[in-house]
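Q:
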Amino acid sequence: MAEITITKDNFKEEVLQSGVPVLVDFWATWCGPCMMIAPVVEEIAEEYDGKIKVGKINVDEEPFLAEQFGIQFIPTLMVFKNGEQTEKTSGLLRKEQILKLLGL
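Numbering (the numbering used here), first residue to last: 1 to 104.
1. Jot down the residue ranges of each uninterrupted alpha helix (DSSP H) in the stretch 47–88, minimum 4 residues, whole runs only, in chain order.
2. State yes or no: is the C-beta of residue 74 within less than 8 Å of the C-beta of residue 11?
3. Which whole-angstrom value describes the C-beta separation of residue 95 and residue 44, a residue pair presumed to lie in contact below a C-beta threshold of 8 Å?
4. Please confirm whether residue 24 and residue 6 have their CB atoms less than 8 Å apart.
5. Tell me, which residues are paired with residue 26 by DSSP?
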């Protein structure tokens with residue numbers, strides 16, 4: 001499974017009720033670092049398919065979620081396990097750093 005688009009309408013089902021850890025990427029089309037990290041996030045989504053879920057939240061299209069989670073900088077990556085936020089970090093990360101956030 002590739003990345004999924006997360007909206008306020010499917011957030012509860014896709015993230016909070018997920019049976020596997022979820023990596024959530026808050027991003028925007030105009031954000032250079034977001035575009036740089038996107039291929040890495042996509043690669044993780046493909047490599048760890050079934051073990052984790054990767055969701056993308058466009059902050060321009062989902063301002064409610066961005067505000068709810070206090071997103072001030074993008075890209076911001078968050079990890080949710082068993083419906084709870086366990087990690088949150090902003091900025092450009094290497095693949096190894098993202099995998100460490102996920103505990104992989």
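Glycine is no exception: its CB is placed at the ideal position from the N, C-alpha and C atoms.
A: Working from what's here:
1. With a minimum length of 4 residues, the continuous alpha helix (DSSP H) runs that stay inside the stretch 47–88 are 63–68.
2. In the sequence shown, counting from the first residue as 1, residue 74 sits at position 74. In the sequence shown, counting from the first residue as 1, residue 11 sits at position 11. Cβ distance not < 8 Å, so residue 74 and residue 11 don't count as in contact.
3. Along the sequence shown, read from residue 1 onward, the residue named residue 95 stands at position 95. Along the sequence shown, read from residue 1 onward, the residue named residue 44 stands at position 44. Right, the Cβ-Cβ distance comes to about 7 Å (below 8 Å), so this counts as a contact.
4. For the purposes of this step, residue 24 is taken as the residue at position 24 of the sequence shown. For the purposes of this step, residue 6 is taken as the residue at position 6 of the sequence shown. In this structure, residue 6 lies closer than 8 Å to residue 24 by Cβ.
5. As a working note, residue 26 is residue 26 in the sequence shown. Residue 26 is bridged to 57 and 76.
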